[in-house]
Amino acid sequence: MLPSLKSISCRFVNTSTPSCPENIVVGVIGYWKLLHGGRGALLGGNADDHGTEEEMNVVWSIQGFKRSSCDEAVFKPKRIHRIPSYTLQLRHFWKSMAKTMSMAKKNRCATMDSYDVIANQPVVIDNGSGVIKAGFAGEQQPKCRFANLVGRPKHTRVMAGALEGDVFIGPKADEHRGLLSLKYPMEHGIVTDWNDMEKVWSYVYGSDQLNITPEEHPVLLTEAPLNPAKNREKAAEIFFETFGAPALHIQMQAVLSLYSTGRTTGVVLDSGDGVSHVVPIYEGFAIRPGIQRIDVAGRDVTRYLRLLLRKEGHTFHRTSEFEIVREMKEQLCYLALNYMKDEGSDSEKATYKLPDGSVIDVGAARYRAPEVLFRPELIGEEWTGIPQCIHNSILKCDFDLRKTLYSNIVLSGGSTLYPGFGDRLLAEVKRLAPRDTKIRISAPQERVYSTWIGGSILASLDTFRKIWVSKKEWDDEGKKVIHRKTF
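Sequential numbering from 796 applies to the sequence shown in the working numbering.
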């Protein structure tokens, strides 16, 4: 029988230093090691110890690099180095937690702890620019996942039986998008409309989603790195003052993504809808000088695809039609391994059926649109592309760490799901890295949920209460406390 999460937390975490981030990492990784007989699984060990063929996920390896007769670089990754699927690895983790977490569900109104915080299940909110994911700590997947947008009627209501409501959020906004003017409360990971953002969070708590009382559950909220301090302070103010949350912890998205894989070391590329960022982490320590941020992500790909389609004679100018283009992007787009070669040849067209039943053909726009992630200059941006950011991030780290970081690149976020993304990234990073450097890119299948899963693991540890900010601390110390307890 596997030990309980509580006993593991006590065994592996030194709670005498409550705000120390490495203690949290030791708690998570210690649990992983115990589950796998001390081998460490994803942490290292022999390749032969990594499970059966069915339990493996491919890791792109640069050992598949070959040169053609014309001396042009041709990358053909081989299936030679493998690691276990973290979903399979987490299976035992969730089973061992089930009994512990079920007790918390049955006792939602438990006693007060030393921080005067109700000891209920924490709520984990992955606050993405495009999609918001929320659920309870200890669960395998978020309970709710919907577009982080707000819609308002753009036409006059003239009938008594017309659709009721002045504001539509998430699924309802998407369902009635033809009648609404849609707006995202966040741009590039930063909240631009706090009133709408508050409405979205309120909807998360409501009966259509989590159906809980905000005052009874601590919150783990995610954010992109290098966000303005005022953004974090305002978010904390809303959760404490408006919702009355008993406790709050704000954590960097890339760090949580690494938690979900069971690693302590790696360079995390997290690319979502609003922002892409690269964070180097070594043995649980985030190397802050190496953090790179690019305000080019999935929404920019959608905008560029809309522009390319307009050049082909297909116009999508309404906010509701922007969502159609986004769905088209998710279904049809891919990354070209050799962009210039594809530009010089006729690309295969794909068809897409619009909501009105008409069908359009999409050609070169399928690979041109996501190219902006690697070449932001295509849309007039001065940011460096993702491969260069990874390279720059590693160069900001000490010489002794670089070799390990190059061999532990981890993908996270929806904008890394394009077919061909991993192969293209491998080829680009190889061109930038020192000669004979071994490069490995890990792409978990469920990486669209990586940040939330990492938050679910972190918020389930007993040590989590040592790093959150309680309502009492907020009342006593004010805004500065939210920075003191965020790493």
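Just so it is clear, CB atoms sit at the ideal spot from N, CA and C, and this is done for glycine as well.
Can you check which of these residues, the options, is closest to residue i by C-alpha distance?
| i | options | result |
| --- | --- | --- |
| G1272 | S1002, F1035, Y1000 | Reading off the sequence, residue 1272 comes out as Glu, not Gly. Ranking the options by Cα distance to E1272, first place goes to F1035. |
| K1148 | V1157, S1142, G1085, T1097 | V1157 |
| G1085 | V1073, S1052, L1256, D1151 | V1073 |
| Q1183 | A1228, A1159, A1160, L1127 | A1228 |
| K1082 | D1095, Y1099, M1047 | Per the sequence shown, the amino acid found at residue 1082 is Ile instead of Lys. Nearest option by C-alpha distance: M1047. |
| T1281 | A1024, M992, D1003 | A1024 |
| T1037 | G1249, A1254, N990 | N990 |
| I1189 | R1161, I1262, A1030, Y1077 | Y1077 |
| E934 | W1263, S1255, I1155 | S1255 |
| D1151 | T1232, G973, P966, Q936 | G973 |
| I1155 | D1257, I1119, D988, H971 | I1119 |
| I927 | D1231, P966, H1186 | P966 |
| L1064 | I1252, G1180, K1198, R1226 | G1180 |
| G1067 | A1031, T1114, S1055, A1019 | A1019 |
| R1094 | A942, G1250, I1262, G1249 | A942 |
| T1232 | L1200, G1250, S1251 | L1200 |
| H753 | S1115, I985, D988 | Outside the displayed range of the chain (796 to 1282) lies residue 753, so it cannot be described from this structure. |
| R1226 | S1142, V986, H1186, R952 | H1186 |
| A932 | G1249, W1263, K1261 | G1249 |
| K1124 | R1230, A1159, I1007 | A1159 |
| Q936 | W1263, S1251, K1261 | S1251 |
| A1030 | W996, I1007, S1002 | W996 |
| K1198 | I1007, V986, T1060, I985 | T1060 |
| S1202 | I1007, P1075, L1253, T1258 | P1075 |
Taking 6 Å as the limit between beta carbons, can you name the residues of its chain near residue i, skipping five residues before and five after?
| i | result |
| --- | --- |
| K1275 | none |
| I1204 | V1062, I1236 |
| L944 | A968, L977, Y979 |
| R1279 | none |
| A1238 | L1206, G1217 |
| E1268 | V1276 |
| L1130 | P1165, Y1213, G1215, F1216, R1219 |
| K1055 | The sequence given here has Ser at residue 1055, not Lys. For S1055, where only same-chain residues beyond five positions count, the Cβ hits under 6 Å are S1245, I1248, G1249. |
| D988 | P980 |
| V1264 | L1043, V1276, I1277, K1280 |
| D1003 | none |
| S1142 | G1158, A1159 |
Under 7 Å Cβ to Cβ from residue i, same chain only, skipping five residues before and after it: list those, please.
| i | result |
| --- | --- |
| L1005 | V918, A929, K938, C939, V999 |
| R947 | D961, V962, L975, S976 |
| C815 | With a pLDDT of only 46 at C815, under 50, the local geometry of the prediction cannot be trusted, and no value is derived from it. |
| R1121 | T1097 |
| L1127 | A1145, Y1147, V1157, R1161 |
| D1090 | H983, V1070, W1178 |
| Y1009 | Per the sequence presented here, residue 1009 reads as Pro, with Tyr not at that position. So the qualifying residues of the chain are Y1000, F1038, G1039, A1040. |
| H950 | L974 |
| E1176 | V1091 |
| E1223 | F1169, P1182 |
Would you mind giving the Cβ-Cβ distance between residue i and residue j, rounded to the nearest angstrom? I have them listed as a contact below 8 Å.
| i | j | result |
| --- | --- | --- |
| L1132 | D1218 | 6 Å |
| L1103 | R1163 | 6 Å |
| I1045 | R1027 | 6 Å |
| I1033 | E993 | 6 Å |
| R1101 | F1117 | 7 Å |
Within the same chain, show all residues whose beta-carbon is closer than 8 Å to that of residue i, passing over the 5 residues directly before and after it, in chain order.
| i | result |
| --- | --- |
| L1021 | H1072, I1086, R1088 |
| Y1099 | R1163, A1164, V1167, L1173, I1174 |
| N841 | Confidence is the limiting factor: at N841 the pLDDT is only 34, short of 50, which leaves the residue's position unreliable, though a coordinate-based value still follows. Hits under 8 Å: none found. |
| S1153 | none |
| V986 | P980, M992, N1026, K1029, A1030 |
Does any residue of chain E have a CB that is nearer than 7 Å to the CB of residue i?
| i | result |
| --- | --- |
| P1150 | In the structure shown, chain E does not exist; there is a single protein chain. |
Completely contained alpha helix (DSSP H) runs for the region 1095–1160, where each covers 4 or more residues: 1114–1127, 1134–1138
Between the region 1200–1216 and the region 1105–1116, do three or more beta carbon pairs fall short of 8 Å? no
With a threshold of 8 Å, are at least 3 pairs of Cβ atoms found where one atom belongs to the region 914–925 and the other to the region 1009–1020? yes
Runs of 3 residues minimum, wholly inside the region 1162–1224: which ones carry the beta strand (DSSP E) assignment? 1204–1207
For the region 1240–1279, which segments carrying the beta strand (DSSP E) assignment without a break, of at least 3 residues, lie completely within its bounds, in sequence order? none
Would you say the region 1187–1200 touches the region 1124–1138, given that touching needs at least three Cβ pairs under 8 Å? no
Okay, do the region 918–937 and the region 970–986 touch, 3+ Cβ pairs below 8 Å being the bar? yes
Below 8 Å, how does it come out for the region 1237–1251 and the region 1044–1058: are there three or more Cβ pairs, yes or no? yes
Please go through the region 985–1060 and give each complete beta strand (DSSP E) segment of 3 or more residues, from N-terminal end onward. 1014–1018, 1042–1047
Runs of beta strand (DSSP E) lying entirely within the region 1057–1093, each at least 3 residues, in chain order: 1061–1066, 1071–1077, 1087–1089
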